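Asks: Chains A and B supply the protein sequences, listed in that same order. Using the numbering used here, you'd call the opening residue of the first sequence number 16 and step up by one each time. Using the numbering used here, you'd call the opening residue of the second sequence number 16 and step up by one each time. Pasting a structure below so you can have a look.
2 protein chains.
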Amino acid sequence: MKKNTGPKKMDDIARLAGVSKPTVSRALQDSPLVSDETKQRILEIARRHGYVVNRSAQNLRRQRTDTIAVVIDFPHLPENRLSDPFHFELLANIANALAVRQQDVLLCSEQSAHQGGFEHMLANKGVDGIILLGQAGRHEEFRALAKAGVPFVVWGAHRADASYCILGSDNPLGGRLVAQRFRSLKRKRAMFLGPRGHLEIEQRHRGFAEAWGTAVEELEVPDLSFVASRTAMLNRLDSGKAAPDAVFAGSDTMAMGALSALRERGIAVPEDCSVCGYDDSPAAVHHAPALTTVRQDTRLAGAILVERLMQIIQGTPAAPVLLPTDLVVRGT
Amino acid sequence: MKKNTGPKKMDDIARLAGVSKPTVSRALQDSPLVSDETKQRILEIARRHGYVVNRSAQNLRRQRTDTIAVVIDFPHLPENRLSDPFHFELLANIANALAVRQQDVLLCSEQSAHQGGFEHMLANKGVDGIILLGQAGRHEEFRALAKAGVPFVVWGAHRADASYCILGSDNPLGGRLVAQRFRSLKRKRAMFLGPRGHLEIEQRHRGFAEAWGTAVEELEVPDLSFVASRTAMLNRLDSGKAAPDAVFAGSDTMAMGALSALRERGIAVPEDCSVCGYDDSPAAVHHAPALTTVRQDTRLAGAILVERLMQIIQGTPAAPVLLPTDLVVRGT
DNA sequence: ACAGTCTTTGCAATCGATTTCAAAAAAAGC
DNA sequence: GCTTTTTTTGAAATCGATTGCAAAGACTGT
Numbered sequence: 016m017k018k019n020t021g022p023k024k025m026d027d028i029a030r031l032a033g034v035s036k037p038t039v040s041r042a043l044q045d046s047p048l049v050s051d052e053t054k055q056r057i058l059e060i061a062r063r064h065g066y067v068v069n070r071s072a073q074n075l076r077r078q079r080t081d082t083i084a085v086v087i088d089f090p091h092l093p094e095n096r097l098s099d100p101f102h103f104e105l106l107a108n109i110a111n112a113l114a115v116r117q118q119d120v121l122l123c124s125e126q127s128a129h130q131g132g133f134e135h136m137l138a139n140k141g142v143d144g145i146i147l148l149g150q151a152g153r154h155e156e157f158r159a160l161a162k163a164g165v166p167f168v169v170w171g172a173h174r175a176d177a178s179y180c181i182l183g184s185d186n187p188l189g190g191r192l193v194a195q196r197f198r199s200l201k202r203k204r205a206m207f208l209g210p211r212g213h214l215e216i217e218q219r220h221r222g223f224a225e226a227w228g229t230a231v232e233e234l235e236v237p238d239l240s241f242v243a244s245r246t247a248m249l250n251r252l253d254s255g256k257a258a259p260d261a262v263f264a265g266s267d268t269m270a271m272g273a274l275s276a277l278r279e280r281g282i283a284v285p286e287d288c289s290v291c292g293y294d295d296s297p298a299a300v301h302h303a304p305a306l307t308t309v310r311q312d313t314r315l316a317g318a319i320l321v322e323r324l325m326q327i328i329q330g331t332p333a334a335p336v337l338l339p340t341d342l343v344v345r346g347t
Numbered sequence: 016m017k018k019n020t021g022p023k024k025m026d027d028i029a030r031l032a033g034v035s036k037p038t039v040s041r042a043l044q045d046s047p048l049v050s051d052e053t054k055q056r057i058l059e060i061a062r063r064h065g066y067v068v069n070r071s072a073q074n075l076r077r078q079r080t081d082t083i084a085v086v087i088d089f090p091h092l093p094e095n096r097l098s099d100p101f102h103f104e105l106l107a108n109i110a111n112a113l114a115v116r117q118q119d120v121l122l123c124s125e126q127s128a129h130q131g132g133f134e135h136m137l138a139n140k141g142v143d144g145i146i147l148l149g150q151a152g153r154h155e156e157f158r159a160l161a162k163a164g165v166p167f168v169v170w171g172a173h174r175a176d177a178s179y180c181i182l183g184s185d186n187p188l189g190g191r192l193v194a195q196r197f198r199s200l201k202r203k204r205a206m207f208l209g210p211r212g213h214l215e216i217e218q219r220h221r222g223f224a225e226a227w228g229t230a231v232e233e234l235e236v237p238d239l240s241f242v243a244s245r246t247a248m249l250n251r252l253d254s255g256k257a258a259p260d261a262v263f264a265g266s267d268t269m270a271m272g273a274l275s276a277l278r279e280r281g282i283a284v285p286e287d288c289s290v291c292g293y294d295d296s297p298a299a300v301h302h303a304p305a306l307t308t309v310r311q312d313t314r315l316a317g318a319i320l321v322e323r324l325m326q327i328i329q330g331t332p333a334a335p336v337l338l339p340t341d342l343v344v345r346g347t
């Protein structure tokens, strides 16, 4: 003798419409197995009673959740290690692209995704696939993932031996473009600014150094943050060595840190020193002076990441993609 | 005669351990109903075989998903209506707070959440509760939601007649703090910059105007973007009227837009004109000159939002909370 | 040794949908 | 009118866990 236990179930709708549960299920899926007349009646009743299919039950029965995990390196706030605004931009674009395909987004931090391991995320988190933002030296882990048949794509740096689908901008090209620009400005003392061990940034560095030809000074910073770059640059400027007249930073955030230091030490940009960033993050254009930078098309990136992942989920393997980049010349 | 169909099920583990399925389930939940010896054995076997409980099945059986929807107004990229970096900051903090409580985050855009209606999100998206970032004039809708018993909390502006749990910073206080500062700087021609119809921003405006006393010029902008503010301010400066000597913008992004315009028209900040923003978004401190702004503590906000939501899910109603704000004086 | 407790365990029901398969109803063919 | 085909429908199995309840086993006390 149980009563309306909260929201309506499919059985309730079936009863109200005078049909069976399977028929309701089919009607809601717009299946051709149900006559148009019945379909309309059921849909109307379902609508009136505010019925929606229970996602948990649906997920269990179809072995599929229409949900994609996006793994992003969220900041541990105490450490103030902010993930770059660029990642937010990318996330937003991925979310949009997924929404278009009626997929939901499960947002996972590195840590939460990692405990238990990526290979169990499908069952454990109830997702159909994974988008990983930034590979951060877990190449081997990803190879294993791919071998295990987990559907995933990675945003990160290209590498020849990738057995999985990795998408990233053409970092070496980006570096070369910057070198070209500095050369055309007749700069002499080029510096690259960025942390070690970050594959994407190292590729930018390499492309830059090779195209520049003569020696490039390397200023190493501990992480990708504004403060770290600013501090490193201040120290460098105070060292007594001749200041650089062209600085290429591995990301916009770092470029802004460097700019802040240069300004503080009275070095005029762009007169005495040119500065280039990477990403074309939203802040770049708002910055004063507006930042010259290498653009990464996050909209395109999001769309392709999603498209490839869907393809992989459907069983077709997808090859890595290299996105074109271009230099956006602004005020630095 | 079926064989290992992919990943192991709980029954498989039970068989391997020589126990029944319920016992495995209990062991995995560390239930006291299972002897320690058996528990250890089962855990070990599960670990060795890489078994993880199937989330979909678990969700269905316990009527609970341990997943929270966070609804954020993502940019439709074509329109370039970027949601403020402040929201990202808040999102990151919410995600962290949820992770601590072992809750997963389902990221929803306004649109995707809205089709079908918030009231059906629980069943439809399979979440236990909702965190809404920004109320954007949907007060009535939220009242209905609350009445329907949907567990949710809102980040937004306070209002006396809220029947739901809303959390926000003390906007009027923020406005007053800015007015005080401008007064102590002996400013004369105060201006408020922001869009109409945005409750939080209107509260900031009101607090500011009331504390300022004499007339406050209002410069209206169509949206919260950098460009809109910049454009509006440029037009205003070119109008021939006397330029303001103190500008309070409804958000940091808008403040930066205004600053860009002031600089372009040769008005020195902070010499000729003071500027205050709101949010203390990450960019504020990186800006040149560093932005004076009203701080909103996103870390605290995230923690409290989550705490209250959990409380509501467990059946205890939660009252609105007003977060303290303070003025961070920097270079503008 | 026997009734009474307490600890472990397993059977079977359940969560709410989807899908296979067979049956009923309707339409078509001759 | 009676078979054959096609269109609609529903009964029952299934997805993979969790949990109420009953029962088996281990312990206690007398």
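A virtual CB, placed ideally from N, CA and C, is assigned to each residue, including glycine. Every value quoted in this text rests on a predicted model; they were computed, and no experiment measured them.
Is there a Cβ of chain A sitting closer than 8 Å to that of B/A316, yes or no?
Replies: Within the second sequence, the letter at position 301 stands for residue 316 of chain B. Not one chain A Cβ lies under 8 Å of B/A316.
Asks: Closer than 8 Å between beta carbons: that is the criterion. Which residues of the region 111-126 of chain A meet it against chain B?
Replies: Per Cβ criterion, the list reads N111, A114, D119, V120, L121, L122, C123, S124, Q126.
Asks: Residues in its own chain within less than 6 Å of B/R41 by CB, not counting five upstream and five downstream?
Replies: Within the second sequence, the letter at position 26 stands for residue 41 of chain B. Counting only Cβ-Cβ distances below 6 Å, and skipping sequence neighbours, we find L48, V49.
Asks: How do the region 135-153 of chain A and the region 98-111 of chain A stand: do at least 3 beta-carbon pairs fall below 8 Å, yes or no?
Replies: As far as the Cβ criterion goes, the region 135-153 of chain A touches the region 98-111 of chain A, which means the pair count is three or higher.
Asks: Any residues in the region 262-283 of chain A with a beta carbon nearer than 7 Å to a beta carbon of chain B? Which ones, in chain order?
Replies: Those residues of the region 262-283 of chain A that come within reach of chain B (Cβ to Cβ, closer than 7 Å) are M271, S275, R278.
Asks: In whole angstroms, what separates the C-alpha of B/S289 from that of B/S199?
Replies: In the second sequence, the residue the question calls residue 289 of chain B occupies position 274. In the second sequence, the residue the question calls residue 199 of chain B occupies position 184. Each residue's Cα considered, the two are about 11 Å apart.
Asks: Tell whether a beta-carbon distance below 8 Å holds between A/L306 and A/G292.
Replies: The residue labelled residue 306 of chain A in the question sits at position 291 within the first sequence. The residue labelled residue 292 of chain A in the question sits at position 277 within the first sequence. Yes, Cβ-Cβ distance for A/L306 and A/G292 is below 8 Å.
Asks: By the criterion of Cβ-Cβ separation under 7 Å, what are the contact partners of A/L75 in chain B?
Replies: If you number the first sequence from 1, residue 75 of chain A lands on position 60. What A/L75 touches in chain B: S71, A72, L75.
Asks: Cα-Cα, which of B/G281, B/R280, B/Q78, B/S266 is closest to B/L214?
Replies: For this step, residue 214 of chain B is matched to residue 199 along the second sequence. For the residues B/G281, B/R280, B/Q78, B/S266, the minimum Cα distance to B/L214 belongs to B/S266.
Asks: Can the beta-carbon of B/P335 be found less than 8 Å from the beta-carbon of B/I181?
Replies: Taking the second sequence and counting its residues from 1, one reaches residue 335 of chain B at position 320. Taking the second sequence and counting its residues from 1, one reaches residue 181 of chain B at position 166. In contact: B/P335 and B/I181 (Cβ atoms closer than 8 Å).
Asks: Excluding the five sequence neighbours on either side, which residues of its own chain have a C-beta within less than 6 Å of the C-beta of A/V68, listed in chain order?
Replies: Here residue 68 of chain A refers to the residue found at position 53 when the first sequence is read from its first residue. Once the five neighbours on either side are set aside, A/V68 has no close Cβ partner at all.
Asks: Starting from A/L147, follow its DSSP beta bridges and name the residues at the other end.
Replies: As a first step, residue 147 of chain A is located in the first sequence; it is residue number 132 there, counting from the start. According to DSSP, A/L147 bridges with A/V86, A/V169.
Asks: What is the rounded straight-line gap between the Cα of A/G132 and the Cα of B/H129?
Replies: Here residue 132 of chain A refers to the residue found at position 117 when the first sequence is read from its first residue. Here residue 129 of chain B refers to the residue found at position 114 when the second sequence is read from its first residue. Those two C-alpha atoms are separated by around 33 Å.
Asks: Could you tell me which uninterrupted beta strand (DSSP E) segments, each at least 3 residues in length, are contained entirely in the region 177-217 of chain B, listed from first to last along the chain?
Replies: Complete beta strand (DSSP E) runs here, min 3: 180-184, 205-209.
Asks: With distances taken between CB atoms, is the gap from A/T308 to A/V343 smaller than 8 Å?
Replies: If you number the first sequence from 1, residue 308 of chain A lands on position 293. If you number the first sequence from 1, residue 343 of chain A lands on position 328. Contact: yes.
Asks: Can you pull out the residues from the region 139-153 of chain B whose beta carbon lies closer than 9 Å to at least one beta carbon of chain A?
Replies: Those would be N139, K140, G141, V142, in chain order.
Asks: Mind listing which residues of the region 285-308 of chain B have their C-beta closer than 7 Å to chain A's C-betas, in chain order?
Replies: Correct list: P297, A298, H301, A303.
Asks: Sorted by chain position, which residues of the same chain lie with C-beta nearer than 8 Å to A/A318's C-beta, five sequence neighbours on each side aside?
Replies: Sequence index remark: in the first sequence, residue 318 of chain A carries index 303 (1-based). Cβ within range, chain order: N108, A112.
Asks: Quick check on DSSP: helix, strand or coil for A/T308?
Replies: Taking the first sequence and counting its residues from 1, the one referred to as residue 308 of chain A is at position 293. Strand, per DSSP.
Asks: Taking only three categories from DSSP, how would you classify A/V222?
Replies: Looking up residue 222 of chain A in the first sequence gives position 207. It should be pointed out that residue 222 of chain A corresponds to Gly in this sequence rather than to Val. A/G222 falls in the helix class under three-state DSSP.
Asks: Closest Cβ-Cβ distance between A/P166 and chain B: below 8 Å?
Replies: In the first sequence, the residue the question calls residue 166 of chain A occupies position 151. By this cut-off, A/P166 is not an interface position.
Asks: Tell me, please, whether the region 195-211 of chain B touches the region 153-168 of chain B by the rule of three or more beta-carbon pairs shorter than 8 Å.
Replies: No contact exists between the region 195-211 of chain B and the region 153-168 of chain B.
Asks: Going by the beta-carbon positions, is the gap between B/A177 and B/N186 smaller than 8 Å?
Replies: What you label residue 177 of chain B is simply residue 162 of the second sequence in a count that begins at 1. What you label residue 186 of chain B is simply residue 171 of the second sequence in a count that begins at 1. Cβ atoms of B/A177 and B/N186: not closer than 8 Å.
Asks: Do three or more CB pairs link the region 268-275 of chain A to the region 229-248 of chain A at distances below 8 Å?
Replies: Yes: at least three Cβ pairs fall under 8 Å.
Asks: How far does the alpha helix (DSSP H) with B/G141 in it reach, from first residue to last?
Replies: Your numbering for residue 141 of chain B matches position 126 in the second sequence. Neither: B/G141 is in no alpha helix (DSSP H) and is coded neither H nor E.
Asks: What span of residues does the alpha helix (DSSP H) with A/D119 cover, start to end?
Replies: Your numbering for residue 119 of chain A matches position 104 in the first sequence. Note, A/D119: premise wrong, no alpha helix (DSSP H); beta strand (DSSP E) at 119-124.
Asks: Give the DSSP bridge partners of B/V343, in chain order.
Replies: Here the question's residue 343 of chain B lines up with position 328 in the second sequence. DSSP, once it has assigned bridges, lists B/T308 as partnering B/V343.
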